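Below, the structure written as structure tokens:
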């Protein structure tokens, strides 16, 4: 990130027609309906275990949505493990991997090649144990994308306070292809802020890589105040000077005070920061 702050990495880009319906995909159902679908999913959730290797178990959570819930789940529904309280047969605590992944499926209707009768999700994570006789419970969160927070900005908005997904930030710096946001809250950033950058003709600037052409985001990273204060006040510092003043914990902070958002091109024109809002969500526990 140090090198990129000094000499921004810019991609080969192209301008495309901006279509908000493609960028801002969300559920077509009301929050009230989504809550009933979530409750149905929770009621039918079950966990199964599979031996991955001699020291690891795959922990698989499976459940279905009701037949009345008919929309594409990919990019809209998020299922993740929050925490766990599980032990082996001797009462020893079992740790689980931080990462988990989802597989989306369902049952195809009779006399149809693709139309689904109902949709399902399987969440997979790993427990570090060689003992399949485990007990306890695991807490998950199921959330559905219902809306977006958006903020239109230009270089003149440095110093402005903005709100994204109900959280406040101060626009600290806008330079080259980056915007620096200072968090105005204490807990760890766990969001998903993205950026839309426009050219003079109001077309959307995106990466020329066809797999990344939905928005103008290059990357997002967290930085702490020590790192930011040094690098912003010493833009021409050498790497040796940087290493003398910045400790490893400043580069990879657990709870960074600043969020750095890099776009695929320089922020010369109006741009939009946006973040999805999962306003239909519930945590739930499943016993093993």
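In the working numbering, the protein residues as written are 1 to 288.
All C-beta atoms in this analysis are idealised placements derived from N, C-alpha and C, irrespective of residue type, glycine included.
None of the values given here were measured: they were computed from a predicted structure.
With 16 other CB atoms within 10 Å as the buried threshold, where does residue i fall?
i, result
"residue 37", "buried"
"residue 203", "exposed"
"residue 208", "exposed"
"residue 184", "exposed"
"residue 86", "buried"
"residue 129", "buried"
"residue 334", "Any question about residue 334 goes unanswered here, given that the chain covers just 1 to 288."
"residue 27", "buried"
"residue 22", "exposed"
"residue 101", "exposed"
"residue 30", "exposed"
Considering only C-alpha positions, which residue in the set the options is nearest to residue i?
i, options, result
"residue 55", "182, 23 and 94", "94"
"residue 274", "121, 214 and 60", "214"
"residue 260", "88, 174 and 44", "174"
"residue 61", "123, 24, 79 and 104", "123"
"residue 288", "40, 33, 24 and 46", "46"
"residue 178", "65, 262, 135 and 30", "262"
"residue 224", "251, 242, 201 and 199", "251"
"residue 91", "135, 53 and 103", "135"
"residue 200", "270, 76 and 127", "270"
"residue 254", "237, 137 and 221", "221"
"residue 159", "226, 137 and 170", "170"
"residue 48", "40, 41, 57 and 42", "57"
"residue 24", "44, 40, 76 and 68", "76"
"residue 69", "101, 282, 233 and 107", "107"
Does the Cβ-Cβ distance between residue i and residue j come in under 7 Å?
i, j, result
"residue 11", "residue 264", "yes"
"residue 97", "residue 139", "no"
"residue 217", "residue 195", "yes"
"residue 66", "residue 40", "yes"
"residue 228", "residue 246", "no"
"residue 141", "residue 188", "no"
"residue 272", "residue 152", "yes"
"residue 149", "residue 266", "no"
Since I believe residue j is in contact with residue i (beta carbons under 8 Å), could you give me their beta-carbon distance rounded to a whole number of angstroms?
i, j, result
"residue 71", "residue 165", "Contact doesn't hold; Cβ gap of about 22 Å is too wide."
"residue 280", "residue 146", "6 Å"
"residue 63", "residue 120", "7 Å"
"residue 206", "residue 13", "6 Å"
"residue 283", "residue 82", "6 Å"
Sorted by chain position, which residues of the same chain lie with C-beta nearer than 8 Å to residue i's C-beta, five sequence neighbours on each side aside?
i, result
"residue 17", "203 and 204"
"residue 133", "88 and 89"
"residue 105", "119, 120, 121 and 122"
"residue 167", "183, 184, 185 and 191"
Got a sec? Which residues, its chain only, sit under 7 Å from residue i by beta carbon, not counting five neighbours each side?
i, result
"residue 78", "143 and 278"
The ligand PLP and residue i: does any heavy atom of the ligand fall closer than 6 Å to the residue's C-beta?
i, result
"residue 240", "This structure lacks the ligand PLP; in fact it carries no ligand of any kind."
Using C-beta distances below 6 Å, list every residue in its chain close to residue i, excluding the 5 sequence neighbours before and after it, in chain order.
i, result
"residue 73", "104 and 119"
"residue 286", "45, 47 and 138"
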